[in-house]
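For the sequence shown, full-length UniProt numbering begins at 1 and goes up steadily by one.
All C-beta atoms, glycine included, are put in the ideal place defined by N, C-alpha and C.
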Amino acid sequence: MKRYPACGLTTGAHRRTHHTSQRGAAAVEFAIVLPLLLLILFGIVELGIGLYDKAMITNASREGARAGVLLRTPKPTTQDITNVVLAYCQNYLVTFGSSNTPTVSVPSGVGGTFGTPLTVTVSYQYSGLGLGAMLSALTGPITMTATTVMNNE
1 MKRYPACGLT TGAHRRTHHT SQRGAAAVEF AIVLPLLLLI LFGIVELGIG LYDKAMITNA
61 SREGARAGVL LRTPKPTTQD ITNVVLAYCQ NYLVTFGSSN TPTVSVPSGV GGTFGTPLTV
121 TVSYQYSGLG LGAMLSALTG PITMTATTVM NNE
């Protein structure tokens, strides 16, 4: 063992003194960084759920438009198309128990002849888990909209 004459310590004792002074530093650094890491993690989850819900209302508008343009007798009504869209949204949207029901509008093309376009628009107010609700409080409600236009068959 090497001896330090000025302070009277050996190498091993010097190391122990250094480690005990650094013992709580990792816990303090972790406590400072943890909230930031959790915010990033929940932000990623929130964004993923928002993108998923946007994809689902886009698919719902496509399903509604497809149901409205199919060649059948009698032609589907606006209520038939709305029912298809709402059933799709009820099965696939991630809402976390909120009562936000999508709004469906079919402004043109219901019961049209061959080749006329049918338009289906679905709007949904996204509430999110926690960060989405906080963001909504600052910016107002987040409304997602999807529109599909298909030609009647």
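Distance, residue j Cα to residue i Cα
i, j, result
"Ser123", "Thr101", "9 Å"
"Lys75", "Val110", "8 Å"
"Thr103", "Leu51", "18 Å"
"Ser127", "Ser136", "7 Å"
"Asp53", "Val45", "12 Å"
"Ala67", "Ile81", "6 Å"
"Ala27", "Glu63", "53 Å"
"Thr73", "Phe42", "49 Å"
"Ser108", "Asn59", "19 Å"
"Gln79", "Leu70", "15 Å"
"Met144", "Val33", "33 Å"
DSSP-derived helix/strand/coil call for residue i
i, result
"Gln90", "helix"
"Leu118", "strand"
"Ser136", "helix"
"Leu129", "coil"
Cβ separation of residue i and residue j, assumed to be a contact under 8 Å, to the nearest whole Å
i, j, result
"Val120", "Val85", "7 Å"
"Ala146", "Ile57", "5 Å"
"Gly115", "Asn152", "7 Å"
"Thr148", "Ala65", "4 Å"
According to DSSP, residues forming a beta bridge with residue i
i, result
"Ala146", "Val122"
"Asn151", "Pro117"
Would you list, in sequence order, the uninterrupted alpha helix (DSSP H) runs of no fewer than 4 residues that lie entirely inside the stretch 36-114?
Counting only runs of 4 or more, we get 78-92.
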